[in-house]
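Numbering that gives the first Met the number 0 numbers the first residue of the sequence shown as 0 and each following residue consecutively. Idealized CB from N, CA, C, for every residue including glycine. Heads up: the structure comes next, in structure tokens.
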Amino acid sequence: MKIAVIGTGYVGLVTGVCFADLGNEVIGVDSDESKIRSLRAGQSPIYEPGLVELLSSNIRRRRIVFTTSLQDAVNRCEILFIAVGTPQDKRTGEADLSFVWEVARQLGNTIRTGQTRRIVVKSTVPVGTTESLESRIRSRLKARRVRAAVTAASNPEFLREGSAVRDFMEPDRVVIGTGDSKTRALLVSLYKPLGAPILSTDPRSSEMIKYASNALLAAKISFINEIANVCEGIGANIIDVASGVGMDKRIGAHFLSAGIGYGGSCFPKDTEALVYIAGKGGVRSQILESVVAVNKSQRRRFLDKIIRFYKGRLAGRRFGVMGLAFKPNTDDMREAPSIDIIRGLLKKGAEVVAYDPVAMDAARRVLPSAVRYAQDPYRAVDGAAAAVILTEWNEFKELDLSKVKRLLARPVIFDGRNIFPVEDMEQMGFRYISIGRRAV
Ligand code: NAD
């Protein structure tokens with residue numbers, strides 16, 4: 000099948016490359032010229048395991064090409080996926096749809112008489128957006144006196160950064176929301192090679208499935224974080240508590256790791272967007288409001304532990320921060336807890352030397368310029384007052400801890416991701432402060 004993917008970010012690029020790998024002819028469209036230049040050269044602008052290999056092999060086989068010309072894609076493809084960003088409007092919390100409406104405007108101006116075009120919305124969008132998109136494009140075509148057949152479908156994406164290629168290729172389910180049977184049939188055959196269950200529904204329910212899924216996952220994280228805070232107060236161990244809870248098949252073991260809360264480009268904005276959507280529908284979502292509030296306070300709580308440990312006197316102390324990305328295996332810094340925690344340390348007059356295996360370039364663009372960067376975790380902690388672990392990269396789990404102890408000015412580790420057993424750290428003579436477990 001010939002398909003276009005508009006927006007070649009985390010979702011669009013993975014979608015395009017994976018569909019190409021399944022044997023389709025794909026055009027990736029992006030308005031960012033430098034992105035398109037590097038993609039044409041086989042370089043991925045983002046870090047995602049396995050992506051660059053898949054990208055270059057499919058460029059070589061001429062199954063995927065990249066362009067900044069939407070016109071080109073509209074002329075050549077019947078199916079056009081929209082995967083542009085839908086960031087949060089910081090003022091209201093709702094999703095900012097300006098990129099989606101811009102694509103709708105461009106489609107309305109480029110589709111020609113006689114063409115049949117199926118627009119598939121992969122971006123996470125508020126309920127009703129797919130229908131509005133279709134009517135916006137149609138009314139623009141009408142104004143231009145263009146006689147074309149345009150349908151829009153919702154097809155939310157559930158991939159996770161850090162395992163995006165695998166998640167795309169082996170999804171738990173594919174959701175297709177459209178009332179148009181031909182569009183549904185085409186999408187079903189496009190996804191058939193993945194062998195995943197396909198749920199067909201109307202566009203509104205499809206859009207809601209995406210928000211409800213992300214909100215439930217975020218709720219699991221905030222819930223276990225709150226339980227972790229309780230564990231600290233009563234002397235229980237959150238690792239054992241979460242294991243025991245997660246063994247119940249009705250609950251499931253995933254998303255029960257206590258820490259410094261969720262970040263990234265999806266959970267923070269999607270939970271707040273759903274609070275807004277609920278409000279518009281006349282419902283005050285008390286659960287979601289709490290999920291958001293607990294997540295925000297979890298970062299603050301961790302920072303407070305550090306501040307309390309030094310009785311508020313952080314000025315002039317240097318901290319070796321390990322991990323900046325919002326989670327392992329990605330370079331994505333959007334809404335990363337590290338941003339707030341590092342800012343908080345700097346505000347108290349501390350110095351920060353940070354290390355992340357892949358996110359340091361992205362971090363330089365968002366963190367204050369006072370932050371210094373080290374080439375490896377050992378250099379980050381060399382001479383520091385303490386190590387502060389903010390992302391659970393495997394690399395950190397395999398650190399030579401006796402070397403870390405030798406390098407630190409004092410053997411203190413604040414672990415926001417619970418990557419080491421408390422007993423081991425105690426035995427090694429560390430002061431070790433983590434989440435939901437006794438401090439030693
Ligand atoms: P992103 O910011 O990484 O990528 C968006 C891309 O769209 C950018 O490259 C941008 O240049 C391009 N773009 C913007 N306007 C354009 C236009 N008019 N024409 C062509 N290109 C344009 O975003 P992302 O993380 O890939 O997210 C995309 C959507 O998918 C969002 O709605 C997000 O909520 C959703 N989503 C994201 C993830 C994730 O893990 N990142 C997972 C599931 C769903």
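Check: Hey, would you say the C-beta of residue 105 is under 8 Å away from at least one heavy atom of the ligand NAD?
Finding: At least one heavy atom of the ligand NAD is nearer than 8 Å to the Cβ of residue 105, so yes.
Note to self: At the level of alpha carbons, what is the spacing between residue 380 and residue 327?
What the structure shows: Cα to Cα, the separation comes out at about 19 Å.
Notebook entry, point to check: For the beta strand (DSSP E) that contains residue 309, what are its first and last residues?
Noted result: No beta strand (DSSP E) contains residue 309, which DSSP labels as neither H nor E.
Next item on the list: Put residue 114 into one of helix, strand or coil per three-state DSSP.
Entry: Coil.
Check: From which residue to which residue does the alpha helix (DSSP H) around residue 0 run?
Finding: Careful: residue 0 lies outside any alpha helix (DSSP H) and carries neither H nor E.
Next item on the list: Run the CB neighbour count on residue 198, radius 10 Å, all protein chains shown included, and call it buried at 16 or more, exposed below.
Entry: Under this definition residue 198 is an exposed residue.
Notebook entry, point to check: When the Cα atoms are used, what is the spatial distance from residue 155 to residue 122?
Noted result: Counting only the Cα atoms, residue 122 lies some 6 Å from residue 155.
Note to self: What would DSSP say about residue 350, mapped onto helix, strand or coil?
What the structure shows: In the three-state reduction of the DSSP assignment, residue 350 falls in the strand class, which pools E and B.
Next item on the list: Answer with buried or exposed for residue 172, where buried requires no fewer than 16 other C-beta atoms within 10 angstroms of its C-beta.
Entry: So residue 172 ends up on the exposed side.
Checklist line | Spatial neighbours of residue 361 in its chain, beta-carbon cut-off 6 Å, leaving aside the 5 residues before and after | finding: Residues of the same chain with a CB within less than 6 Å of the CB of residue 361, apart from the 5 flanking positions on each side, are 330, 332 in chain order.
Next item on the list: Alpha carbon to alpha carbon, how far is residue 203 from residue 409? Give it in angstroms, no decimals.
Entry: The C-alpha of residue 203 is placed about 56 Å away from the C-alpha of residue 409.
Next item on the list: Mind checking which residues open and close the beta strand (DSSP E) that includes residue 28?
Entry: Secondary structure note for residue 28: its beta strand (DSSP E) is the uninterrupted segment 24-28.
Checklist line | Closest residue to residue 420 among 406, 236, 58, 405 (Cα-Cα distance) | finding: Nearest Cα to residue 420 within the set 406, 236, 58, 405: 236.
Next item on the list: May I ask you to list the residues that DSSP assigns as paired with residue 66?
Entry: Beta-bridge pairing links residue 66 to 28.
Checklist line | Alpha-carbon spacing of residue 176 relative to residue 126, whole angstroms | finding: Taking the Cα positions, residue 176 is about 11 Å away from residue 126.
Item checked: Inter-residue CB distance, residue 435 and residue 231 (contact presumed, cutoff 8 Å) -> That pair is a contact at about 6 Å.
Margin query: Please identify the residue among 253, 356, 241, 372 whose C-alpha is closest to the C-alpha of residue 217.
Written below: Among 253, 356, 241, 372, the Cα nearest to that of residue 217 belongs to 253.
Notebook entry, point to check: Hey, is residue 267's beta-carbon within less than 9 Å of any beta-carbon in chain C?
Noted result: No chain C appears in the structure shown, which is made up of a single protein chain.
Notebook entry, point to check: Should residue 406 and residue 384 be called a contact, given that it needs their Cβ atoms to be closer than 9 Å?
Noted result: No.
Notebook entry, point to check: In three-state DSSP terms, what is residue 239?
Noted result: Reduced to three states, the DSSP call for residue 239 is helix.
Next item on the list: Specify the secondary structure class of residue 61 as computed by DSSP and reduced to three states.
Entry: DSSP places residue 61 outside both helix and strand once states are collapsed to three, so it counts as coil.
Next item on the list: State the start and end residues of the unbroken beta strand (DSSP E) segment that holds residue 430.
Entry: First-last of the beta strand (DSSP E) with residue 430: 430-432.
Next item on the list: Please classify residue 359: is it buried, with 16 or more other beta-carbons within 10 angstroms of its beta-carbon, or exposed?
Entry: Counting Cβ neighbours within 10 Å, residue 359 comes out buried, since at least 16 surround it.
Checklist line | Beta-carbon gap between residue 315 and residue 352 smaller than 9 Å | finding: Going by C-beta atoms, residue 315 is not nearer than 9 Å to residue 352.
Next item on the list: Would you check whether the ligand NAD has a heavy atom nearer than 8 Å to the C-beta of residue 9?
Entry: Because some heavy atom of the ligand NAD lies under 8 Å away, the Cβ of residue 9 counts as near it: yes.
Check: Taking 8 Å as the line, does the beta carbon of residue 268 fall inside it for any heavy atom of the ligand NAD?
Finding: With a threshold of 8 Å, the Cβ atom of residue 268 counts as near the ligand NAD, since some heavy atom of the ligand is closer than that.
Next item on the list: Flag this pair as yes or no: are the beta carbons of residue 103 and residue 136 separated by less than 9 Å?
Entry: Against a cut-off of 9 Å, the Cβ pair of residue 136 and residue 103 comes out as a contact.
Next item on the list: Only counting runs of 4 or more residues, tell me where the alpha helix (DSSP H) segments fall wholly within the segment 156-196, in order along the chain.
Entry: DSSP runs (the alpha helix (DSSP H)) wholly in the segment 156-196: 163-168, 180-190.
Checklist line | The beta strand (DSSP E) enclosing residue 79, as first and last residue numbers | finding: 78-81 is the span of the beta strand (DSSP E), which, as asked, contains residue 79.
Checklist line | Residue range of the beta strand (DSSP E) that includes residue 414 | finding: It spans 411-414 - the beta strand (DSSP E) in which residue 414 sits, taken as one unbroken run.
Next item on the list: Hey, could you find the ends of the beta strand (DSSP E) residue 148 is sitting in?
Entry: DSSP places residue 148 inside the beta strand (DSSP E), whose first and last residues are 148-153.
Next item on the list: Name the residue from 365, 275, 412 whose alpha carbon lies nearest to the alpha carbon of residue 304.
Entry: Residue 304 has its Cα closest to that of 412, out of 365, 275, 412.
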